[in-house]
Each structure stands twice: as C-alpha cells, then as structure tokens.
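S.K.:
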Amino acid sequence: EAQVTQNPRYLITVTGKKLTVTCSQNMNHEYMSWYRQDPGLGLRQIYYSMNVEVTDKGDVPEGYKVSRKEKRNFPLILESPSPNQTSLYFCASRPTESSGANVLTFGAGSRLTVL
Amino acid sequence: GQSLEQPSEVTAVEGAIVQINCTYQTSGFYGLSWYQQHDGGAPTFLSYNGLDGLEETGRFSSFLSRSDSYGYLLLQELQMKDSASYFCAAPPTDSWGKLQFGAGTQVVVTP
Chain D
1 EAQVTQNPRY LITVTGKKLT VTCSQNMNHE YMSWYRQDPG LGLRQIYYSM
51 NVEVTDKGDV PEGYKVSRKE KRNFPLILES PSPNQTSLYF CASRPTESSG
101 ANVLTFGAGS RLTVL
Chain R
1001 GQSLEQPSEV TAVEGAIVQI NCTYQTSGFY GLSWYQQHDG GAPTFLSYNG
1051 LDGLEETGRF SSFLSRSDSY GYLLLQELQM KDSASYFCAA PPTDSWGKLQ
1101 FGAGTQVVVT P
C-alpha cells in the first residue's frame, strides 16, 4: 500500500530533550515536506525537500532541523523542544512531475506535547 | 509571500449545496488545490485547478479565476460524512517547493 509513515504518533516530552520524528514514504516521491497544524492557523510548512540532499525552509522553520540522506526518509529533528512546539505534525510527499505535482500524500500525523 | 483566506465555518443540511470560497493575495501562483481533513485525521487531496475554470469530480467541483484572485470548492448533495475541514492550498510562483494553506473551513452537515 502506498503510504507515508510517521513515528511516533503521540509523544509527550519535556523542554530541552532532543527528539526526532521519523517520516518514510514508499512511493519513490522526490518531494517531501513537514507541516505543523495548530487550531485556527491551518497547516504551516516547516521544511521541504525537493530531492535527496536538497532541503529548504518553509514558513516556520525556527527550532527545527531536517535531513534528506535517502529518498524515502525525511526526519524532523527538534534539538531543544520548547512548549510552543506543542502541535500536530504532518509529513507529506508528492512526485515532482507537473501532472501530479500538487497531490500531496500525508502521513497520519504526530501529536507532540512539550511540557 | 501570500495569504489564502477562507471562511472559518459553514453549516448546511444533508442534501444541500455548499460553496467554500478561497481568495488569495499574491501576484500569481501555479494553481489552487483543495484538501479535506476529518477530525484527528490526515488531510487528503480533493481537487486541483491549474487553469481557470471548473473541475468536476463526482459530488465535488472546484473553480479558479486568476483574474479575480479567487477560487471555490463546491460540495453537492451533502452527506453527513462530508462534515470535515476543507483547506485551499497554493504554491507561490517564486518557490515551487513551498505550499501555503488557508486556515481551513469547518463544514458542519446537519440532518
């Protein structure tokens, strides 16, 4: 089954404790992206990657890091989490050819709470 | 940058038609997409308009007018399962990799 898999789905952590949210897709998509969703704000893009070793900032990159060493994986790293990073996080992917370029496939989401 | 504006909530009865508008503030973009999200779930792709005009997919249709900086999603023959949030999304022309979403419209379908 074609899918985007995120882990963990739920996490409660404390301020300053580094964490990584993994994201993996099995569709051979070149493009991957991370979003956070907060009430009333919709989905805001954190980082995106057009292909392996190519990453760029979205609208809210502060406090986050990403890496794209393999095509299928795009982990989101919070080096020193703070309470304002409490949110619902989504990873998504899509192919880059124009016919399918706007069809994002999303993971199930990771709900993160930072105390 | 750009912003996409849509109403926060729309309520309608089963069988009715609902139109969700999305207006954008940008000089141009590649096209407008629409996503549906049920409570606690992942957004799922509904429709994309790369050109002006109407795109129809079953009960759902989407429209784009670049000259009016405006698009809409039309939900017909509303069903209870259509109760969800709907988001418009667009990449700015200066960055194909970026994708911005509107804040979402909560559609509430009542019996």
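In order, the protein sequences belong to chains D and R.
Numbered per my numbering, the first sequence spans residues 1 to 115.
Numbered per my numbering, the second sequence spans residues 1001 to 1111.
Quick reminder that beta carbons are idealized off the backbone N, C-alpha and C, glycines included.
Which chain D residues sit within Cβ distance under 7 Å of phenylalanine 1045 (chain R)?
M.R.: Counting from one through the second sequence, the residue named residue 1045 (chain R) turns up at place 45. The contacting residues are Val103, Leu104.
S.K.: Quick one: what's got a C-beta closer than 6 Å to alanine 1016 (chain R)'s C-beta in the same chain, skipping five residues either side?
M.R.: Taking the first residue of the second sequence as position 1, residue 1016 (chain R) is located at position 16. Contacts found: Leu1078.
S.K.: Could you tell me which chain D residues have their CB closer than 9 Å to the CB of phenylalanine 1087 (chain R), listed as they occur along the chain?
M.R.: Numbered from 1 along the second sequence, position 87 holds the residue referred to as residue 1087 (chain R). Result: Gly42, Leu43.
S.K.: If I measure Cβ to Cβ from glutamine 1036 (chain R) and keep anything under 6 Å in the same chain, skipping five residues before and after, which residues do I get?
M.R.: Stepping through the second sequence from its first residue, residue 1036 (chain R) is reached at position 36. Closer than 6 Å at the Cβ level, and outside the excluded window around glutamine 1036 (chain R), lie Thr1044, Leu1046, Ala1084, Tyr1086.
S.K.: Only counting runs of 3 or more residues, tell me where the beta strand (DSSP E) segments fall wholly within the segment 1020–1100 of chain R, in order along the chain.
M.R.: Within the segment 1020–1100 of chain R, the complete beta strand (DSSP E) runs of at least 3 residues are 1032–1037, 1044–1049, 1053–1057, 1060–1065, 1070–1075, 1084–1090.
S.K.: For the candidate residues D:Gly63, D:Gln3, D:Thr15, whose alpha-carbon lies nearest to that of methionine 32 (chain D)?
M.R.: The residue given as residue 32 (chain D) occupies position 32 in the first sequence. Here the closest residue by C-alpha is D:Gln3.
S.K.: Return the CA-CA distance between leucine 1054 (chain R) and serine 1061 (chain R), expressed in angstroms with no decimal places.
M.R.: Here residue 1054 (chain R) refers to the residue found at position 54 when the second sequence is read from its first residue. Here residue 1061 (chain R) refers to the residue found at position 61 when the second sequence is read from its first residue. Rounded to whole angstroms, leucine 1054 (chain R) to serine 1061 (chain R) spans 7 Å at the Cα level.
S.K.: Helix, strand or coil for asparagine 102 (chain D)? Go by DSSP, reduced to three states.
M.R.: Within the first sequence, residue 102 (chain D) is the residue found at index 102, counting from 1. If DSSP states are grouped into helix, strand and coil, asparagine 102 (chain D) belongs with coil.
S.K.: Would you please verify whether the beta carbon of glycine 1104 (chain R) is less than 7 Å from any beta carbon of chain D?
M.R.: Taking the first residue of the second sequence as position 1, residue 1104 (chain R) is located at position 104. At least one chain D Cβ lies under 7 Å of glycine 1104 (chain R).
S.K.: Could you confirm whether any beta carbon from chain D is found closer than 7 Å to the beta carbon of tyrosine 1070 (chain R)?
M.R.: Position 70 of the second sequence, counting from 1, holds the residue named residue 1070 (chain R). No, tyrosine 1070 (chain R) lies away from the interface with chain D (no Cβ there is under 7 Å from its Cβ).
S.K.: Would serine 49 (chain D) pass as a contact of arginine 68 (chain D) if the rule is Cβ separation under 7 Å?
M.R.: As a first step, residue 49 (chain D) must be located in the first sequence, where it is residue number 49. As a first step, residue 68 (chain D) must be located in the first sequence, where it is residue number 68. Cβ atoms of serine 49 (chain D) and arginine 68 (chain D): closer than 7 Å.
S.K.: In three-state terms, what does DSSP make of glutamate 1005 (chain R)?
M.R.: Counted from its first residue, the second sequence places residue 1005 (chain R) at position 5. Glutamate 1005 (chain R): strand per DSSP, three-state reduction.
S.K.: Using 8 Å as the Cβ pair cut-off and three pairs as the minimum, do the segment 1007–1025 of chain R and the segment 67–86 of chain D touch?
M.R.: No: the two stretches stay apart, fewer than three of their Cβ pairs being nearer than 8 Å.
S.K.: At the level of alpha carbons, what is the spacing between glycine 1104 (chain R) and lysine 65 (chain D)?
M.R.: Residue numbering aside, residue 1104 (chain R) sits at position 104 when the second sequence is read from its first letter. Residue numbering aside, residue 65 (chain D) sits at position 65 when the first sequence is read from its first letter. The alpha-carbon atoms of glycine 1104 (chain R) and lysine 65 (chain D) are separated by roughly 26 Å.
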